[in-house]
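A.B. asks: Residues 1 to 193 in the UniProt record's numbering are what the sequence shown spells out, letter by letter.
Ideal Cβ positions, reconstructed from N, Cα and C, are used throughout, including at glycine.
Keep in mind it's a predicted model, so treat the numbers as computed, not measured.
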Amino acid sequence: METRRKKTSPRTRLVTGTLAAAALTAGTFGAVSASASTPERAQSSAASAASSAVADRNIHQTRHLTVDAATRAAQAALKAAREDGQRVTVAVVDRNGNTIAVLRGDGAGPQSYESAERKAYTAASWNSATSDLVKRLESTPTLKDIPGTLFLGGGVPVAAGGAPIAGIGVAGAPSGALDEEYARAGAAALGAR
Numbered sequence: 001m002e003t004r005r006k007k008t009s010p011r012t013r014l015v016t017g018t019l020a021a022a023a024l025t026a027g028t029f030g031a032v033s034a035s036a037s038t039p040e041r042a043q044s045s046a047a048s049a050a051s052s053a054v055a056d057r058n059i060h061q062t063r064h065l066t067v068d069a070a071t072r073a074a075q076a077a078l079k080a081a082r083e084d085g086q087r088v089t090v091a092v093v094d095r096n097g098n099t100i101a102v103l104r105g106d107g108a109g110p111q112s113y114e115s116a117e118r119k120a121y122t123a124a125s126w127n128s129a130t131s132d133l134v135k136r137l138e139s140t141p142t143l144k145d146i147p148g149t150l151f152l153g154g155g156v157p158v159a160a161g162g163a164p165i166a167g168i169g170v171a172g173a174p175s176g177a178l179d180e181e182y183a184r185a186g187a188a189a190l191g192a193r
C-alpha cells in the first residue's frame with residue numbers, strides 16, 4: 001500500500017521549522033537558566049541576610065508612651081490636684097520632648113501651660129525628677145540656660161525597661177513639691193515610679 005504524502009508549501013515548512021527550533025531553544029535556555037539561577041538566588045539570600053544583620057546593628061529601637069496612656073496619666077495628675085483644690089496644667093512629653101498630651105485644669109494660670117511642658121521635657125531629658133535637678137544647679141548653674149528646660153519641682157520621668165520613655169510635668173500649684181506630688185500621681189496611673 002502506498003501512502004501519499006501531502007505536499008506542503010515551502011512557506012509552511014519554514015514556519016513549522018522555525019517554531020520547532022524556537023521551542024527547542026527556549027527549553028534549552030530555560031533549563032540552563034534555571035540551573036544557573038539557583039546559586040545566584042542562594043548568594044542573593046545570603047547577601048540579604050548579611051545586609052539585614054548589618055542593618056539590625058545600626059538600628060536602635062525605643063519604646064513610646066501611647067496617646068491613651070499619656071492622657072490617662074494627665075487625667076490622674078489633674079484629678080489628684082483637683083481633689084486638693086489646686087488649679088494646675090499637666091503636660092506629658094515623649095522621650096524626645098515632643099508633647100503628647102496637655103490638660104489645662106479649670107482656672108489654671110496662663111503661665112502654667114508652658115511651665116508644665118518645660119518641666120516634663122526637663123524630667124524626660126535627664127531621666128530625673130526636676131526637684132532633684134534643682135539641687136544640681138548649685139554646682140552647675142548654667143544648666144538652667146539649656147533651652148526648653150525648667151528647673152523647678154513638678155516634673156517626673158516615666159521609664160520602661162530602665163530607659164526613660166516620657167516625662168510628666170505639672171505647674172500651677174503653690175509649690176513645686178505639690179506639683180511633683182501630682183506628677184507622681186500621673187506616673188502611678190501608668191504603674192511607673
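For Val-170, does the three-state DSSP call read helix, strand or coil?
C.D. replies: strand
A.B. asks: Could you pull out every residue in the same chain whose Cβ sits closer than 6 Å to the Cβ of Ala-80, ignoring the five residues on either side in sequence?
C.D. replies: Tyr-182 and Ala-185
A.B. asks: Just list the residues that DSSP pairs Asp-94 with in beta bridges.
C.D. replies: Answer by DSSP bridge pairing, in chain order: Ala-166.
A.B. asks: Alpha carbon to alpha carbon, what distance is there between Gly-167 and Val-156?
C.D. replies: So the alpha carbons of these two residues sit roughly 6 Å apart.
A.B. asks: Among all the DSSP beta bridges, which residues are the ones paired with Pro-157?
C.D. replies: Gly-167
A.B. asks: Looking at the secondary structure, which residues open and close the beta strand (DSSP E) in which Arg-104 lies?
C.D. replies: Annotation for Arg-104: the continuous beta strand (DSSP E) segment containing it runs 99-104.
A.B. asks: Measure the alpha-carbon distance for Ala-120 versus Arg-57 and round it to whole angstroms.
C.D. replies: Take the alpha-carbon of Ala-120 and the one of Arg-57: they are about 31 Å apart.
A.B. asks: Determine the direct distance from the alpha carbon of Ala-77 to that of Val-102, and round the result to whole angstroms.
C.D. replies: 11 Å
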